[in-house]
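Notes to accompany the following structure.
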Amino acid sequence: MRKGLLLPASALLWCLTVVVYVIVSYSTRLWAVTWLIFSFAVVLQMLLDYMFSPPKFRILHIQAIIWTLSVFIYLLISVITFKWYRTWVIFPITACISLAVNTYLIWGRRS
Numbered sequence: 157m158r159k160g161l162l163l164p165a166s167a168l169l170w171c172l173t174v175v176v177y178v179i180v181s182y183s184t185r186l187w188a189v190t191w192l193i194f195s196f197a198v199v200l201q202m203l204l205d206y207m208f209s210p211p212k213f214r215i216l217h218i219q220a221i222i223w224t225l226s227v228f229i230y231l232l233i234s235v236i237t238f239k240w241y242r243t244w245v246i247f248p249i250t251a252c253i254s255l256a257v258n259t260y261l262i263w264g265r266r267s
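The opening residue of the sequence shown carries number 157 in this note's numbering; numbering runs sequentially from there.
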C-alpha cells in the first residue's frame, strides 16, 4: 500500500515545484538563482524515494541524498557569492561526512 503512494507523491512534488518556481521567478526576477528550486526538488524526491524504499536499500539512498544535497549547497553558495574557486571545498567535506555516516550506519547496526 505504501509503495502505491510514491507515484502520486512524486507527481504532487513536481507539480508544486513548477508552481513555486514560476511564482518565485516572476515575483523576484532572479532567474539566475531560482532554477536552484529544481535541484532542491531533486533532494526532496530522493527523500521520498528513501521513505518508500525497503530498509535494505536505505543506506544507498542516504549516501545519494548526502551527495545530491552537497551539490545543491555548492551551487547555491557559488551562485550567491560567485566564489566558485573556494566553494569546491564542500566536496571533500562531503566525503568525510559521507564516510562518517556510512561507518555509523554499518557499524552501528552490528553492535
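Beta carbons: idealized from backbone N, C-alpha and C, even for Gly.
First through last residue of the alpha helix (DSSP H) which encompasses residue i
i: Pro164; result: Leu162 to Thr184
i: Val227; result: Arg214 to Thr237
i: Ser195; result: Leu192 to Phe208
i: Trp244; result: Unbroken run through Trp244: none, as it is neither H nor E.
Reference residue i; option with closest CA among the options
i: Ile236; options: Trp191, Ile179, Asp205 and Val257; result: Trp191
i: Phe196; options: Trp187, Pro248 and Ile221; result: Ile221
i: Leu255; options: Gln219, Ser209, Thr184 and Phe194; result: Gln219
i: Ile193; options: Tyr177, Arg185 and Phe208; result: Tyr177
Contacting residues, own chain, Cβ-Cβ under 7 Å from residue i (five flanking each side not counted)
i: Leu200; result: Leu169
i: Met202; result: His217, Ala220, Ile221 and Thr224
Neighbourhood of residue i by C-beta distance below 6 Å, restricted to the same chain and skipping five residues each side
i: Leu261; result: Ile215
Sequence-distant residues of the same chain with beta carbon closer than 8 Å to residue i, five excluded per side
i: Trp244; result: Tyr230
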